[in-house]
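Structure first, commentary second.
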Amino acid sequence: ALCMMGLQYLDVSIYQMLRGSGIIFVALMKQHVMKEHLQKFHWVGVFWNVISVVIVGGTALLASSSGEKDDSAASTSQTFLGVCLM
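What follows is the structure, given as structure tokens:
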């Protein structure tokens, strides 16, 4: 439900890219809650996923803070809220 709230403040393409953050939380839950150990290649995949989510989220924030103001464009604080809700 929070993801849908975040979609109000983000472009659909950024929303789809940030949906990959679910893999990060599943890996952490599997490691700590289910007490199942992930192999090293799993952690390499999670690491690259973290890097990609940071890049996409940062790009969204930088694009919203650019000088072009559109009536339908969200402000930087609204974009940050959208990224956090993802």
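Numbering of the sequence shown is given in my numbering, commencing with residue 68 and proceeding in unit increments.
Quick reminder that beta carbons are idealized off the backbone N, C-alpha and C, glycines included.
Check whether the Cβ atoms of residue i and residue j lie closer than 7 Å to each other.
i, j, result
"Asn116", "Gly89", "no"
"Leu85", "Val121", "no"
"Val111", "Ala94", "no"
Can you name, in chain order, every residue of its own chain whose Cβ lies under 7 Å from the Cβ of residue i, other than the five neighbours on each side?
i, result
"Phe108", "none"
(message) Going residue by residue through the stretch 83-137, where are the continuous alpha helix (DSSP H) segments of at least 4 residues, counting only ones entirely within it?
(response) If we require 4 residues or more, the alpha helix (DSSP H) runs fully inside the stretch 83-137 come out as 88-99, 107-131.
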